[in-house]
Amino acid sequence: MTKSRKEIIGIKSVSKIYNLGNTVVKALDNVSLSIFENDFISIMGPSGSGKSTLMNIIGCLDVPTKGSYKFNDEKISQMKDSQLADIRNQKIGFVFQTFNLLPKLNALQNVEVPLVYSNLNRYKRTEKAKEALKIVGLSNRINHKPNELSGGQRQRVAIARALVNKPSIILADEPTGNLDSKSGSEILNFFDDLHKAGNTLIIVTHEKSVAKRAKRRIEIFDGKITLDE
Amino acid sequence: MNRIINYLFDVVRGVLFYFSQTKLRTALTLLGITVGVSSIIAIMTVLATFEKSTEQVVADVRTNVFYITRENPIEVSFGNNNKWTRNKPKITWSEYEQLKRSLKLIKNMSAVVSEEPSDRTFSVGKKEFKSRLQSFWAADGDMLSLYKYDIVDGRNIQNVDIQNRSRVAIIGSAIKDELFPYANPVGKEIKIDNIPFEIIALTDEKGEIAGQSMDSMVGIPISTYLKYFGGRWNRTDLQLVLESDSIENIDNATDEAIGVFRAIRKIPPGQPNNFYIATNDQLMDTFGEFTSYLTTFIGLITGISLLVAGIGIANIMLVSLNERIKEIGIRKALGARRSDIFMQFLIEAILISVLGGLVGIVLGLSFGNIVALFLEQEPVIPFEWVFYSLQICASMGIIFGLYPAIRASKLNPIDSMRYD
C-alpha cells in the first residue's frame, strides 16, 4: 500500500552527534525512515530518547551530522540556512506543545506570520489567514489576542497557522501536552479530519493514548528506532 | 519586492505596537536623540536668523560704501588680533587728505572717529541721557548720506563748521524722545561731557537692527571732536568711509583706493597691506567665517551628545532583543530567514532614531524661532539642517542597530523557542 504513494521524507543513515565538552552524545544513531504522502505517524519515546532531535531534523530546524535527508527529492542535508528557512515556511506546518503564538498579535495576525515571509501582498495574506481560521472553526475569534482565548482555541490558532501555507507535512510536537483531556481530544479529532482530507501528519508524543490515534507508530529509544508498524 | 514591502509594513506595525507597549522606555530612548537633534536645529535656526539680520544691516548701509581701517573691526571685536594692531600704523589726517586728493572714482568720502558705544554724558539742563549712547561719531564729510540718515529738521554739518571747529551736533530721534519729549530740539543746547553744543539737526527714526537702536546717535564735526575730546591732530586713528560713484564701480573704486593708499604709505610690491579695507561683502565673509567656526564647534558638541544617544539606542535594542528571543525563535521556525530578522531589528533601530529626530526637529524649530521672535526677526527654517539631521539619525540607527541586529539574526530557532 505504501509503495503507491509518493515519498515525502527520505531519511537515510542519519546520525546527530553532540559534543558536550568531554562527552560525545549520539542523539540519533544511524536512523533511516521514509514518510509517505497522507501518512499519519506518531513518534513516541521517553525524554532523552532522541525524538526531539528527530523532529528538529524532520522540521528542518536542525541538520544531521551524518547521513542524508531528502524532502520532496530535495537534499536538505546540504542546504544553506536561508534555504532551510524557505522549506520551513513553504513545506512544513509546525504545531507546538506550548502553542508558541506571539502574545502581542491577535489570532489573525498570528496566522499571517508565515505569510509575511512568503511573497504575498497584504490582502492575500489576510484572505488566506481568514480561510485557515475558518477551517479550524475560529472565524468569530480573529481579533482576539492569545490571552483572550482558551487553551484549545490557542492550539487551533496554531494549527491554522500551520495550515496556512498548505504545507506538505504537519509536524506536531506534544500538541495535547498543555491541554485538558476534553480540548485534547478535540484537537486529536481535528487531526483525524486533517488526515482524512489528505494531509500528512507527524505527531511527537509520549502518551500512548495519543500515539494510538495514528495510523503508523514509531518508537524511538537511545537514538534508534525500535518500532515501526 | 513584495517580500520587502510585506516586512516593511509588518515591521513598522510591529515596532509602533512595541513602542506603545513600552512607552516610558521608548520615550527615554527617543529623548537622547531628541535633545541632540533639537539643539542642532535650534542653534542653526538662530544662526540663520542672525545671518539674515546681518545681511539686512549690510544692505541697509549703501552697498557702494566701503571702509579703510587700521584693522578688521569684526576680528578686533572678537579680541584675537592685538599683536597685529600694534604693528600697523594708525590712519592719519595727512594720509586721508592725500588720499582724498588722488581718488577719482569716489564721490563721497569722510574721515570718521567713532565711539560705539560711548561712555560720555549727554545732557540737557540737568536731564541726562540715561542709557549708553550707541554711537557718538565725528566726521568731516557727509556722514548722513553715507549712513542713510534723513534729516527731519535742521541742516547738515558743513565745511565751515569743520573749519571753525564749531560746537554743533546732529542728534538721533532716541535722544530727542528722551531729552526733548515735547519740544523741537533744533537750535537748543546739548552738553557732551558738560561742553555745550548747538543742535543743528534731528534725524528721522531708523529703528533697530539686530537689537541695536540706530537712533541712539550723536554726530559732531571731526575737527571739533579732536579739539575737545581727542588727542593730537595727527595721532588719532581715523576710519575712512568711502562711497564710489556707483554700485557697479565699487570693485574698481576699491582697487583704486588700495593702490593709492599703498603708494601713500610707500608699501613695496609684494608686501601685504598694513591697513584693512572692508567692503560689505568682506564684512559678510568675516561674519560667515565666524558662523562656520561656531557651526563646527556646535557640531562637535552635538556629535558627542548624539553618540551618547546612539549608545542608548544600541543598549535598548539589546534589551529588546533579550525580551524577544522566543519571538525570534518562533518567527525563524515559521520561515523567517536570518536576513528577515536582521532587517526587522535594523529597521526598528532606524525608526527609533528617526522618530526621535523628527520630534527633535519640531522642538528645535519651535525653540529657535521663539528666539527669532524675541529678536524681532522673521521665522526661518534651516531646511538643509533638517535634512542633515534626518540623515544623521538614519545613519545612527544603522550604526547602532547593526550589532543587535546581527546578534538577533544569528539566534538558533530551537534554543530560542525554549527560552523564557
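So the protein sequences, as listed, match chains W and E. All residue numbers for the first sequence refer to my numbering, where the first residue is 238 and numbers rise by one. All residue numbers for the second sequence refer to my numbering, where the first residue is -19 and numbers rise by one. Heads up, the beta-carbon is just placed ideally off N, CA and C, and yes, glycines get one too.
Ends of the beta strand (DSSP E) at residue i?
i	result
asparagine 88 of chain E	86 to 95
lysine 288 of chain W	First-last for lysine 288 of chain W: 288 to 295, but that is the alpha helix (DSSP H), not the beta strand (DSSP E).
leucine 118 of chain E	The sequence as given places alanine at residue 118 of chain E; leucine does not occur at that position. Looking at the DSSP string, the run of the beta strand (DSSP E) that includes alanine 118 of chain E is 115 to 119.
methionine 281 of chain W	277 to 281
phenylalanine 367 of chain E	Segment 363 to 389 is the alpha helix (DSSP H) holding phenylalanine 367 of chain E; no beta strand (DSSP E) there.
threonine 363 of chain W	No beta strand (DSSP E) contains threonine 363 of chain W, which is instead part of the alpha helix (DSSP H) from 359 to 372.
asparagine 454 of chain E	Residue 454 of chain E lies beyond the stretch modelled for chain E, which goes from -19 to 400, so this question has no answer here.
serine 355 of chain W	Taken as a continuous stretch (DSSP letters only), serine 355 of chain W belongs to no beta strand (DSSP E), as it is neither H nor E.
serine 396 of chain E	Here serine 396 of chain E belongs to no beta strand (DSSP E); instead the alpha helix (DSSP H) covers 393 to 398.
leucine 464 of chain W	461 to 465
serine 250 of chain W	244 to 257
serine 273 of chain W	According to the sequence as given, residue 273 of chain W is phenylalanine; it is not serine. Unbroken beta strand (DSSP E) run through phenylalanine 273 of chain W: 260 to 273.
If the criterion is Cβ atoms closer than 7 angstroms, does the pair residue i and residue j meet it?
i	j	result
valine 118 of chain E	valine 93 of chain E	The identity of residue 118 of chain E in the sequence shown is alanine, whereas the question assumes valine. Yes; because the gap between Cβ atoms is below 7 angstroms, this pair is in contact.
glycine 377 of chain E	methionine 297 of chain E	no
alanine 322 of chain W	glutamate 349 of chain W	no
serine 305 of chain W	serine 314 of chain W	yes
isoleucine 424 of chain W	glutamine 392 of chain W	yes
glycine 348 of chain E	valine 26 of chain E	yes
proline 362 of chain E	leucine 298 of chain W	no
asparagine 347 of chain W	leucine 339 of chain W	yes
aspartate 402 of chain E	serine 153 of chain E	Outside the shown range of chain E, which is -19 to 400, sits residue 402 of chain E, and nothing can be said about it.
leucine 345 of chain W	isoleucine 379 of chain W	yes
glycine 309 of chain E	serine 396 of chain E	yes
threonine 34 of chain E	valine 360 of chain E	no
isoleucine 151 of chain E	isoleucine 179 of chain E	yes
glycine 296 of chain W	alanine 264 of chain W	no
tyrosine 208 of chain E	asparagine 52 of chain E	no
phenylalanine 325 of chain E	proline 384 of chain E	yes
leucine 416 of chain W	glycine 388 of chain W	yes
valine 353 of chain W	aspartate -10 of chain E	yes
Which bits of chain W does residue i rub up against, with CB to CB less than 7 angstroms?
i	result
aspartate -10 of chain E	Val353
alanine 316 of chain E	Ala322 and Tyr354
isoleucine 310 of chain E	Asn337 and Leu339
Output, in chain order, the set of chain W residues within a Cβ distance shorter than 8 angstroms of residue i.
i	result
methionine 397 of chain E	Phe333 and Asn337
proline 393 of chain E	Leu298
alanine 313 of chain E	Gly296, Leu298, Arg325, Phe331 and Asn337
In chain E, which residues lie with their C-beta within 8 angstroms of the C-beta of residue i?
i	result
serine 405 of chain W	None at all; the shortest Cβ gap to chain E is about 14 angstroms.
valine 348 of chain W	The premise fails here: valine 348 of chain W is roughly 10 angstroms from chain E at the closest Cβ pair, so nothing lies under 8 angstroms.
serine 319 of chain W	Arg317, Arg318 and Ser319
asparagine 471 of chain W	Look at the range of chain W in this structure, 238 to 466, and you will see that residue 471 of chain W is not part of it.
Listing by chain order, which chain E residues have their CB less than 9 angstroms from the CB of residue i?
i	result
lysine 341 of chain W	Gly(-6), Phe(-3), Tyr(-2), Gln1 and Glu307
arginine 391 of chain W	None at all; the shortest Cβ gap to chain E is about 13 angstroms.
asparagine 267 of chain W	The premise fails here: asparagine 267 of chain W is roughly 22 angstroms from chain E at the closest Cβ pair, so nothing lies under 9 angstroms.
Find the residues of chain E that neighbour residue i, judging by a C-beta separation of less than 7 angstroms, and give them in chain order.
i	result
serine 420 of chain W	What serine 420 of chain W touches in chain E: nothing, since even the nearest Cβ is about 21 angstroms away.
asparagine 415 of chain W	The premise fails here: asparagine 415 of chain W is roughly 14 angstroms from chain E at the closest Cβ pair, so nothing lies under 7 angstroms.
asparagine 293 of chain W	Ile394
How is the alpha helix (DSSP H) around residue i delimited, first residue to last?
i	result
tyrosine 76 of chain E	73 to 82
glutamate 328 of chain E	318 to 354
glutamate 401 of chain E	An answer regarding residue 401 of chain E cannot be provided, because it is not within the stretch -19 to 400 covered by chain E.
serine 125 of chain E	123 to 126
valine 140 of chain E	139 to 144
asparagine 326 of chain W	318 to 328
aspartate 157 of chain E	153 to 159
alanine 448 of chain W	445 to 449
Tell me whether the stretch 167 to 177 of chain E and the stretch 90 to 108 of chain E touch, counting them as touching only if at least three CB pairs, one residue from each stretch, are closer than 8 angstroms. Three or more Cβ pairs drawn from the stretch 167 to 177 of chain E and the stretch 90 to 108 of chain E lie within less than 8 angstroms of each other, which places the two stretches in contact.
In chain order, what are the residue ranges of uninterrupted alpha helix (DSSP H) at least 4 long that sit wholly in the stretch 168 to 213 of chain E? 202 to 208
Are there three or more Cβ pairs, one per stretch, closer than 8 angstroms when the stretch 275 to 282 of chain W is compared with the stretch 308 to 315 of chain W? The answer is no - the stretch 308 to 315 of chain W does not touch the stretch 275 to 282 of chain W, with fewer than three Cβ pairs under 8 angstroms.
Are the stretch 438 to 446 of chain W and the stretch 402 to 409 of chain W in contact at 8 angstroms, needing three or more beta carbon pairs? Contact between the stretch 438 to 446 of chain W and the stretch 402 to 409 of chain W is present, with at least three C-beta pairs closer than 8 angstroms.
Taking the runs of the alpha helix (DSSP H) that are 4 residues or longer, which of them lie wholly in the stretch 223 to 268 of chain E? 230 to 244
Contact between the stretch 326 to 334 of chain W and the stretch 395 to 404 of chain W: three or more CB pairs below 8 angstroms? Contact between the stretch 326 to 334 of chain W and the stretch 395 to 404 of chain W is established, with three or more Cβ pairs separated by less than 8 angstroms.
Ignoring anything shorter than 3 residues or poking outside the stretch 376 to 433 of chain W, list the beta strand (DSSP E) runs there in chain order. 406 to 410
Using 8 angstroms as the cut-off, can you tell me whether the stretch 442 to 453 of chain W makes contact with the stretch 298 to 308 of chain E, which would need three or more C-beta pairs spanning the two stretches below that distance? Too few Cβ pairs lie closer than 8 angstroms, so no.
For the 8 angstroms Cβ check, are there 3 or more pairs between the stretch 275 to 291 of chain E and the stretch 122 to 139 of chain E? Counting Cβ pairs under 8 angstroms, fewer than three are found: no touch.
The stretch 352 to 367 of chain E in contact with the stretch 307 to 327 of chain E per 3-pair CB rule at 8 angstroms: no
Kindly confirm or deny that the stretch 225 to 243 of chain E and the stretch 82 to 92 of chain E touch, where touching means at least three C-beta pairs closer than 8 angstroms. yes
Could you say if the stretch 6 to 22 of chain E and the stretch 220 to 230 of chain E meet the contact criterion of at least three C-beta pairs nearer than 8 angstroms? no
Validate contact between the stretch 6 to 15 of chain E and the stretch 324 to 333 of chain E using beta carbons, cut 8 angstroms, 3 pairs: yes
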